[in-house]
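First comes the structure, then the notes that go with it.
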Amino acid sequence: MKSAIITVTSEGSGFNEALMMTEALGTERGLARKSLLHLRLLSEELFGLLRGIAGKVEASYWLEVEEKRFELHMKSDVKLTTEMRDQFLAASSSGKNEASKSFMGKIRVMIANVLLSAKEALPYALINTAAAYPMGGMAGESASVWSMAFYKEEIQKHIKDSAEASEAWDELEKSIVANIADDVKVKIAGKNVEITVCKAF
Numbered sequence: 109m110k111s112a113i114i115t116v117t118s119e120g121s122g123f124n125e126a127l128m129m130t131e132a133l134g135t136e137r138g139l140a141r142k143s144l145l146h147l148r149l150l151s152e153e154l155f156g157l158l159r160g161i162a163g164k165v166e167a168s169y170w171l172e173v174e175e176k177r178f179e180l181h182m183k184s185d186v187k188l189t190t191e192m193r194d195q196f197l198a199a200s201s202s203g204k205n206e207a208s209k210s211f212m213g214k215i216r217v218m219i220a221n222v223l224l225s226a227k228e229a230l231p232y233a234l235i236n237t238a239a240a241y242p243m244g245g246m247a248g249e250s251a252s253v254w255s256m257a258f259y260k261e262e263i264q265k266h267i268k269d270s271a272e273a274s275e276a277w278d279e280l281e282k283s284i285v286a287n288i289a290d291d292v293k294v295k296i297a298g299k300n301v302e303i304t305v306c307k308a309f
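For the sequence shown, my numbering begins at 109 and goes up steadily by one.
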């Protein structure tokens, strides 16, 4: 079942309506109070990704629900303004800035890098786990797809022999999203960015 689509913006409009819809769907599916809280936290974290972007960015937000399996989707065509470009470049070039210190911050920096086609080194293992494959329908356009589940696996493989991997694992352990969600998928095709957070209760 697919919910209604709500437009949310980086300035915060639509957030309350989207949170109310998310909670209502969780209640309808008989989620316990703690599970409802987790569902709400995941949608708040998703909106947090939008909030940090300069300029006004609009995204479509909806849920796809099957029994107690929830997918939270946020999709946007990001039209890069000069202001956003500068902000993204600052985030991606330092790589060590505050924005990329958290797991969700890293996802934002990764999106910035792909949108800018930046060649800077991405935070640990993000680039290795982004599988690029050609998408149907868009002539010559390829999509980058990244998955948190795969990222976790990659880090675990290197945790013993890399300080960077062990630092990345610490970040995951501190992240609300990484602890609650079953997976986070980021798909970028051209300027179109779609983030999906998956959680089964």
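Glycine is no exception: its CB is placed at the ideal position from the N, C-alpha and C atoms.
| Query | Result |
| --- | --- |
| Give the DSSP bridge partners of D194, in chain order. | Its beta-bridge partners do not exist; DSSP assigns none. |
| Looking at the structure shown, is V173 part of a helix, part of a strand, or coil, going by DSSP? | strand |
| Does DSSP classify I219 as helix, strand or coil? | helix |
| Mind checking K307: buried by the 16 CB within 10 Å criterion, or exposed? | buried |
| Excluding the 5 residues preceding and the 5 following K164 in the sequence, name in chain order all residues of the same chain whose CB lies nearer than 7 Å to its CB. | T117, S118, E119 |
| What does the alpha-carbon distance come out to for the pair I215 and L280? | 12 Å |
| Assuming the contact rule is C-beta atoms closer than 8 Å, D291 and S255 should be a hit. Round their C-beta distance to whole Å, please. | 6 Å |
| Going residue by residue through the segment 133 to 159, where are the continuous beta strand (DSSP E) segments of at least 3 residues, counting only ones entirely within it? | none |
| Could you say which of S252, E275, S210, H181 lies nearest to K110 if we only look at CA atoms? | H181 |
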